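Visitor: Just so we're aligned, residue 79 is where the sequence shown starts under my numbering, counting upward by one.
We put the CB at the ideal spot given by N, CA and C, even for glycine.
Just so you know, these numbers come straight off a predicted model, no measurement behind them.
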Amino acid sequence: EDAGTADAGSVDAGEPVDCPPLVHDGSQDEYSSIEHLRDDALRTKLFRRVRDHFPLSYDGAKYALFGPSGIDVRDGMVECVYTGQRFRRDKLDVNGGYNVEHSWPQSEFPGETGPKSDLHHLFAAERNANSSRGSLPYGETDCSIDNCRFEEGGSEIGPRTGSTQLVFDVRPERRGDIARAHFYFAVR
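#1: Beta carbon of Gly217, beta carbon of Asp247: below 8 Å?
#2: Taking the alpha carbon of Asp150 as the point to measure from, which residue in Ala257, Glu113 and Ala203 has its own alpha carbon closest?
#3: Between which two residues does the alpha helix (DSSP H) containing Gly138 stretch?
#4: Under a three-way DSSP split, which group does Phe263 fall into?
#5: May I ask which residues mark the beginning and end of the alpha helix (DSSP H) holding Asn208?
#6: Taking the alpha carbon of Asp220 as the point to measure from, which residue in Asn208, Gly231, Glu230 and Gly240 has its own alpha carbon closest?
#7: Check Asp247 in the structure and name its three-state DSSP category.
#8: Quick one: what's got a C-beta closer than 8 Å to Leu197's C-beta in the same chain, skipping five residues either side?
#9: What separation, rounded to the nearest whole angstrom, lies between the Cα atoms of Arg266 and Lys169?
#10: Whole-angstrom Cβ separation of Tyr176 and Cys158, contact assumed at under 8 Å?
#11: Quick check on Arg252: buried or exposed, where buried means 16 or more other Cβ atoms within 10 Å of its Cβ?
#12: So, using beta-carbon positions, are Thr161 and Gly236 closer together than 8 Å?
#13: Kindly list the residues whose CB is nearer than 6 Å to the CB of Gly192, restricted to its own chain and excluding five residues on each side of it in sequence; keep chain order.
#14: Quick check: the Cα distance between His114 and Phe261, rounded to an integer number of angstroms?
#15: According to DSSP, simplified to helix, strand and coil, what is His102?
#16: Nearest-angstrom Cα distance between Pro215 and Val245?
#17: Using three-state DSSP, classify Gly254 as helix, strand or coil.
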């Protein structure tokens with residue numbers, strides 16, 4: 079199948095997303111006015127900064143991320159956030175392909191449709207890695223061969239370091255992406 083060919087499971091199905099352009103005021107210190115803030119004052123200022131967003135449908139979000147010129151597409155490929163495995167961008171939701179990982183579990187926003195399609199926490203994920211993670215919390219594990227339930231590409235599932243609680247430990251290369259996504263949702 080050609081990378082530009084659309085099928086029923088392809089992100090090419092549907093219309094392109096018309097997102098407003100990002101606007102930057104040109105200042106180098108866009109956040110300097112909040113550097114001194116802490117706790118609730120910082121959270122309030124950050125919330126005011128991110129509260130107005132451009133909502134997309136779920137299909138629109140998938141197209142924005144994984145369409146022909148998608149945010150996460152590099153040379154026609156996307157990379158699994160957990161394993162580093164690369165997929166042709168048109169292999170979304172098809173056998174042998176990848177699916178969309180909601181790093182902030184959908185069960186955490188019942189009744190709301192906006193968070194499901196919020197680009198800040200959606201990532202490409204190899205199907206088994208996504209399924210294995212489920213809605214386990216993220217955390218650090220020092221699992222070994224005998225107590226590691228999942229281990230691929232640097233990500234692991236095992237007991238939280240110093241505990242028995244199961245956690246998903248994201249590969250080091252993508253921990254910052256997951257942390258930023260969760261910080262964003264904690265502020266929203």
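Guide: A quick look at the data gives this:
#1: yes
#2: Ala203
#3: Tyr136 to Phe144
#4: helix
#5: Arg205 to Arg211
#6: Gly240
#7: strand
#8: Leu134, Ala139, Ala142, Leu143 and Ile149
#9: 31 Å
#10: 6 Å
#11: buried
#12: no
#13: Pro133
#14: 18 Å
#15: Note on His102: pLDDT 49, under 50, position unreliable in the model; no value is reported.
#16: 5 Å
#17: helix
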